[in-house]
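Engineer: Following this message is one structure expressed as structure tokens.
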Amino acid sequence: MLFCLMAVISLATQAQLRLPKLISNGMILQRNTNLKIWGWASPNEKITVKFKNKQYKTTTDTKGNWQIVLPAMEAGGPFTMDIVGQTQINIQDILIGDVWFCSGQSNMVHQLNIHDVTYAKEIAEANYPQIRQFWIPTLTNLQGAQNDLPDGQWKAAVGEDVRPFSAVAYFFAKKLHEKYKVPVGIINASVGGTPIEAWMSEEGFKDFGAIKGIIEKNKDTSYVNSLNRKPPTSTNKPVQVVDEGLSGASKWYEPAYMPKHWRNINIPGYWEDQGLKDLNGVVWYRREINIPATMTGKQAQVFLGRIVDADELYINGKRIGSTSYLYPQRRYKVGKDVLKSGKNLFVVRVTNTTGKGGFVPDKPYCIFSGSDTVDLKGSWQYKVGLVYKPITGGNWGGGINAQNQPTALFNAMVAPTINYAIKGFCWYQGESNAGQPQAYEKLLPALIHDWRTKWMQDSLPFLYVQLPNFMEYSYLPTESSWALLRESQLKALSVPNTAMTVAIDLGEWNDIHPDNKKDVGERLSLTAMKLAYHENLVSSGPLFESSVIDGNKIVISFTNVGTGLTTNDGEQLGDFAIAGEDKKFVWAKTTIEGDKVIVWSDEVTKPLYVRYAWADNPVNPNLYNKEGLPASPFRTDK
1113 MLFCLMAVIS LATQAQLRLP KLISNGMILQ RNTNLKIWGW ASPNEKITVK FKNKQYKTTT
1173 DTKGNWQIVL PAMEAGGPFT MDIVGQTQIN IQDILIGDVW FCSGQSNMVH QLNIHDVTYA
1233 KEIAEANYPQ IRQFWIPTLT NLQGAQNDLP DGQWKAAVGE DVRPFSAVAY FFAKKLHEKY
1293 KVPVGIINAS VGGTPIEAWM SEEGFKDFGA IKGIIEKNKD TSYVNSLNRK PPTSTNKPVQ
1353 VVDEGLSGAS KWYEPAYMPK HWRNINIPGY WEDQGLKDLN GVVWYRREIN IPATMTGKQA
1413 QVFLGRIVDA DELYINGKRI GSTSYLYPQR RYKVGKDVLK SGKNLFVVRV TNTTGKGGFV
1473 PDKPYCIFSG SDTVDLKGSW QYKVGLVYKP ITGGNWGGGI NAQNQPTALF NAMVAPTINY
1533 AIKGFCWYQG ESNAGQPQAY EKLLPALIHD WRTKWMQDSL PFLYVQLPNF MEYSYLPTES
1593 SWALLRESQL KALSVPNTAM TVAIDLGEWN DIHPDNKKDV GERLSLTAMK LAYHENLVSS
1653 GPLFESSVID GNKIVISFTN VGTGLTTNDG EQLGDFAIAG EDKKFVWAKT TIEGDKVIVW
1713 SDEVTKPLYV RYAWADNPVN PNLYNKEGLP ASPFRTDK
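For the sequence shown, our numbering begins at 1113 and goes up steadily by one.
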């Protein structure tokens, strides 16, 4: 009886042999470096790893942790690995190549699937079994670093499985794979709308006293819960209790509804610019659209550009699709049974909570099927269904957003990966910190140091993307927080073994998530080839080096001029501004002389300062090197 009881106790305390989610079927291991394989089992359990006809042995510690280091290996595969303890795990289809840790916010998140119109051909032709991504889901932890992920798997860039790949990371990896003919792995840990502070470890904030205080407070669950229990005190609440468009006997999207007191409005455009002053709430749009007989009985697709903030589309009374926030492009599929020949009722219900509401200009608005396309732009009718009172301050919503808190994303999404050997980092972030560019100047180098410390390699290549152009054009010299943030990013090049991709020509004025992800990824791959693969090539556009005042002119010198300076459009240099002691900048005249740019203005007789592309969205930043790479924005009046 005692023997049986002891056996039951032994079984109850025995831990199942377990591996981190990253170590799984289809993984890509980093070539030419020692490799850690680790996991968990029962205390003092003997573990054997069998790989490439060799065996490696260890014993778990008193808590059941174990780790084995495999020697550096050349690229190749596929291989299998057996991990044997009291139970056994078999891992298949292992490749050895290069692994890049890709992180940041939404422009690193954005999958090929989101841009499947622009990259339809690339998706259809994707057949790269040696390019693989491990996608880490959005996770947060305010208490401390986690040792594993709850879910995740390696997927190859083949067929439909390529759709969830980060578009930037995919094009980056594709270029490297094509050039070096080795497997390329992407570990993608990125979350839209998040600040850099969320991606750093607690130890990374040793020089940031105020932030360390926040981290300590957030560890107190009672404190966090008390914040989350606070009711909102803002007065941004509906004037009306319900949306009139949904409350009547006939809903406003139904064909039987008879419209009264609707007014004219244009699509695209914001309603605040068309007579609806300072309105937050729900506005309904309707229009009868003539559809040709050739489009009926077929599946169609509607492009509704982008809408601020949320929308629901109805056609002939049937709900076609909806989007709950402002950033995605609206692309809705229309079933074969929806459209009819002649007049079709289109109704869009738009909800906006702050700022300008409506349809973003300079985007596609149409319905199409096969070779037929019907334009949806033009005059519609509108009626207000629900009105919100203006925001008058207070705690809107209460609580804290965990993913925006210091260490929250590092603890849950980065910490579980730091034992995994990598080639380097790719970082695309900064939009959420654009309002604090001076702080970012210190935070970005701190992040680089923090991650290198965690991976225990103080010179791991760190590649990053400078913020692209975005928002309205400025036709006069102006101040800009986005320009300041780009400057902070530029300064991070002083950290050894870093490289920056300039994207000042790849953005869109009306979309914080520009469609052109391919050029970003491919430019990023150039920096990798130069920095991490030691290729003798030009990987960057011109970077400001120095300025010299020469009478009434200023002479600007650059690094990374390649085979020479030029403009990308054959026109005069644009977006150079000049100022004297008063720092009142005016547009400058310019000329390229060899590897230098000469800048002057008849309005400034004693010039001191020059700025280039210094705006949220400069109008024509056309300074490039002859290798086709754009110059980074800069200023000399620091």
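We put the beta carbon where it would ideally sit given N, CA and C, even for glycine.
Since this is a predicted model, take the numbers as computed values, not measurements.
Just how far apart, CA to CA, sit Gly-1511 and Arg-1635?
Structural biologist: Here residue 1511 refers to the residue found at position 399 of the sequence shown. Here residue 1635 refers to the residue found at position 523 of the sequence shown. Taking the straight line joining both Cα atoms gives about 40 Å.
Engineer: For Pro-1742, which three-state DSSP category applies?
Structural biologist: Position 630 of the sequence shown, counted from the first residue, corresponds to residue 1742. If DSSP states are grouped into helix, strand and coil, Pro-1742 belongs with the strands.
Engineer: Less than 8 Å between the CB atoms is what I'm expecting for Thr-1306 and Asn-1516, so what's the real figure, rounded?
Structural biologist: Against the sequence shown, residue 1306 aligns to sequence position 194. Against the sequence shown, residue 1516 aligns to sequence position 404. Rounded, the Cβ-Cβ distance is 6 Å, consistent with contact.
Engineer: Exposed or buried, Ser-1122, counting other C-beta atoms within 10 Å across all chains shown (16 or more means buried)?
Structural biologist: Indexing the sequence shown from 1 puts residue 1122 at position 10. Here Ser-1122 scores only 41 on pLDDT, less than 50, and its place in the model is too uncertain to base an answer on.
Engineer: Can you grab the Cα-Cα spacing for the pair Pro-1700 / Thr-1671, in whole Å?
Structural biologist: What you label residue 1700 is simply residue 588 of the sequence shown in a count that begins at 1. What you label residue 1671 is simply residue 559 of the sequence shown in a count that begins at 1. Note that residue 1700 corresponds to Ala in the displayed sequence, not to Pro. So the alpha carbons of these two residues sit roughly 22 Å apart.
Engineer: Please give me, in chain order, every unbroken run of the alpha helix (DSSP H) with length at least 4 that falls completely inside the region 1631-1696.
Structural biologist: Entirely contained in the region 1631-1696, not one alpha helix (DSSP H) run reaches 4 residues.
Engineer: Relative to the C-alpha of Ala-1527, which residue among Pro-1502, Trp-1311 and Arg-1143 is closest?
Structural biologist: As a first step, residue 1527 is located in the sequence shown; it is residue number 415 there, counting from the start. Comparing Cα-Cα distances from Ala-1527 to each of Pro-1502, Trp-1311 and Arg-1143, the minimum goes to Trp-1311.
Engineer: For Lys-1566, I'd like the list of residues in its chain whose CB is within less than 6 Å of its CB, leaving aside the five on either flank, ordered along the chain.
Structural biologist: For the purposes of this step, residue 1566 is identified with residue 454 of the sequence shown, where counting begins at 1. Same-chain partners within the cutoff: Ile-1530.
Engineer: Can you check which of these residues, Thr-1199, Pro-1262, Gln-1142 and Asn-1330, is closest to Pro-1518 by C-alpha distance?
Structural biologist: By 1-based counting over the sequence shown, the position of residue 1518 is 406. Taking only the C-alpha atoms, the option nearest Pro-1518 is Asn-1330.
Engineer: Between Tyr-1585 and Gln-1204, what straight-line distance do the alpha-carbon atoms span, to the nearest angstrom?
Structural biologist: Against the sequence shown, residue 1585 aligns to sequence position 473. Against the sequence shown, residue 1204 aligns to sequence position 92. Going by the C-alpha atoms only, they are around 53 Å apart.
Engineer: Would you identify the three-state DSSP class for Gly-1360, choosing helix, strand or coil?
Structural biologist: Taking the first residue of the sequence shown as position 1, residue 1360 is located at position 248. Reduced to three states, the DSSP call for Gly-1360 is coil.
Engineer: Under the DSSP definition of a beta bridge, which residues are partnered with Thr-1435?
Structural biologist: To locate residue 1435, count along the sequence shown from 1; it is residue 323. DSSP lists Asp-1423 as partners of Thr-1435.
Engineer: Closer than 6 Å by C-beta to Tyr-1231: which residues in its own chain qualify, once you throw out the five before and the five after it? Chain order, please.
Structural biologist: Counting from 1 along the sequence shown, the entry for residue 1231 is found at position 119. Around Tyr-1231: Leu-1224.
Engineer: Quick one: grab the DSSP three-state call for Ser-1593.
Structural biologist: In the sequence shown, counting from the first residue as 1, residue 1593 sits at position 481. Helix.
Engineer: Closer than 6 Å by C-beta to Asp-1627: which residues in its own chain qualify, once you throw out the five before and the five after it? Chain order, please.
Structural biologist: Taking the first residue of the sequence shown as 1, we reach residue 1627 at position 515. Once the five neighbours on either side are set aside, the close Cβ partners of Asp-1627 are His-1227 and Thr-1230.
Engineer: Under 9 Å, do Pro-1719 and Ala-1691 count as touching if we go by C-beta distance?
Structural biologist: As a position in the sequence shown, residue 1719 is number 607, starting the count at 1. As a position in the sequence shown, residue 1691 is number 579, starting the count at 1. Yes, they are a contact pair.
Engineer: By a C-beta neighbour count over all protein chains shown, 10 Å radius and 16 as the cutoff for buried, is Thr-1703 buried or exposed?
Structural biologist: The residue you call residue 1703 lines up with position 591 of the sequence shown. Thr-1703 comes out exposed.
Engineer: Tell me whether Pro-1608 is buried or exposed, calling it buried when 16 or more other Cβ atoms sit within 10 Å of its Cβ.
Structural biologist: The sequence position of residue 1608 within the sequence shown is 496, counting from 1. Exposed: under 16 other Cβ atoms inside 10 Å.
Engineer: Below 8 Å, how does it come out for the region 1548-1560 and the region 1582-1597: are there three or more Cβ pairs, yes or no?
Structural biologist: In short, these stretches touch, since the Cβ pair count reaches three.
Engineer: Can you have a look at Trp-1508 and say buried or exposed, based on whether 16 or more other CB atoms are within 10 angstroms of its CB?
Structural biologist: Position 396 of the sequence shown, counted from the first residue, corresponds to residue 1508. Only weak support exists for where Trp-1508 lies, its pLDDT of 43 falling under 50; the coordinates are left without a value.
Engineer: Please name the residue, chosen from Ser-1154, Asp-1319 and Thr-1717, that lies closest to Ala-1127 on a Cα-to-Cα basis.
Structural biologist: Taking the sequence shown and counting its residues from 1, the one referred to as residue 1127 is at position 15. Measuring from the Cα of Ala-1127, the nearest candidate turns out to be Ser-1154.
Engineer: What alpha helix (DSSP H) runs, 4 residues minimum, are completely inside the region 1534-1577?
Structural biologist: Runs found: 1549-1566.
Engineer: Note down the Cα distance separating Gln-1242 from Gly-1297, rounded to an integer number of angstroms.
Structural biologist: On the sequence shown, residue 1242 is found 130 positions in, with the first residue counted as 1. On the sequence shown, residue 1297 is found 185 positions in, with the first residue counted as 1. Looking at the two C-alpha atoms, the distance is approximately 8 Å.
Engineer: Could you give the distance in angstroms between the alpha-carbon of Ile-1323 and the alpha-carbon of Val-1446?
Structural biologist: Counting from one through the sequence shown, the residue named residue 1323 turns up at place 211. Counting from one through the sequence shown, the residue named residue 1446 turns up at place 334. If you take the alpha carbons of Ile-1323 and Val-1446, they lie about 49 Å apart.
Engineer: Could you work out which residue in Ser-1218, Tyr-1500 and Val-1632 is closest to Val-1394 when comparing CA atoms only?
Structural biologist: Counting from one through the sequence shown, the residue named residue 1394 turns up at place 282. Answer by Cα proximity: Tyr-1500.
Engineer: Measuring alpha carbon to alpha carbon, tell me which of Gln-1413, Ala-1279, Asp-1707 and His-1561 ends up nearest Gly-1482.
Structural biologist: The count along the sequence shown starts at 1 and reaches residue 1482 at position 370. Looking at the Cα atoms, Gln-1413 is the closest of the given residues.
Engineer: Based on Cα-Cα distance, which residue from Gly-1381, Gln-1167 and Asp-1423 lies nearest to Trp-1396?
Structural biologist: Position 284 of the sequence shown holds residue 1396. Here the closest residue by C-alpha is Asp-1423.
Engineer: Which of the three DSSP states, helix, strand or coil, is assigned to Tyr-1500?
Structural biologist: As a working note, residue 1500 is residue 388 in the sequence shown. The answer is strand: DSSP assigns Tyr-1500 an E or B state.
Engineer: By how many angstroms is the C-alpha of Asn-1376 removed from the C-alpha of Gly-1740?
Structural biologist: Locating residue 1740 in the sequence shown gives position 628, counting from the first residue. Locating residue 1376 in the sequence shown gives position 264, counting from the first residue. Approximately 46 Å between the Cα atoms of the pair.
Engineer: Tell me, to the nearest whole angstrom, how far the beta carbon of Trp-1374 is from that of Lys-1495; I am working on the premise that it is less than 8 Å.
Structural biologist: As a working note, residue 1374 is residue 262 in the sequence shown. As a working note, residue 1495 is residue 383 in the sequence shown. Going by Cβ atoms, the distance from Trp-1374 to Lys-1495 rounds to 5 Å, so yes, they are a contact pair.
Engineer: When you compare each of Thr-1172, Gly-1271 and Phe-1277 to His-1222 by their alpha carbons, which one comes out closest?
Structural biologist: Stepping through the sequence shown from its first residue, residue 1222 is reached at position 110. For His-1222, the nearest C-alpha among the options comes from Phe-1277.
Engineer: CB-CB under 8 Å to Gly-1454, same chain, minus the five flanking residues each way: which ones, in chain order?
Structural biologist: Residue 1454 sits at position 342 when you count from the first residue of the sequence shown. Excluding residues within five positions, the ones whose Cβ falls inside 8 Å are Asn-1402 and Ile-1403.
Engineer: With DSSP as the reference, please indicate the residues paired to Gln-1217 in a beta bridge.
Structural biologist: If you number the sequence shown from 1, residue 1217 lands on position 105. Gln-1217 pairs with nothing; no bridge assigned.
Engineer: Need the endpoints of the beta strand (DSSP E) that Gly-1393 sits in, please.
Structural biologist: Position 281 of the sequence shown, counting from 1, holds the residue named residue 1393. 1392-1403 is the span of the beta strand (DSSP E), which, as asked, contains Gly-1393.
Engineer: Can you tell me the Cα-Cα spacing of Thr-1252 and Asn-1300, whole angstroms?
Structural biologist: Residue mapping note: residue 1252 aligns to position 140 of the sequence shown, counting from 1. Residue mapping note: residue 1300 aligns to position 188 of the sequence shown, counting from 1. Those two C-alpha atoms are separated by around 15 Å.
Engineer: Leu-1618: buried (16+ other C-beta within 10 angstroms of its C-beta) or exposed?
Structural biologist: The sequence position of residue 1618 within the sequence shown is 506, counting from 1. The residue is buried, with at least 16 neighbouring Cβ atoms inside 10 Å.
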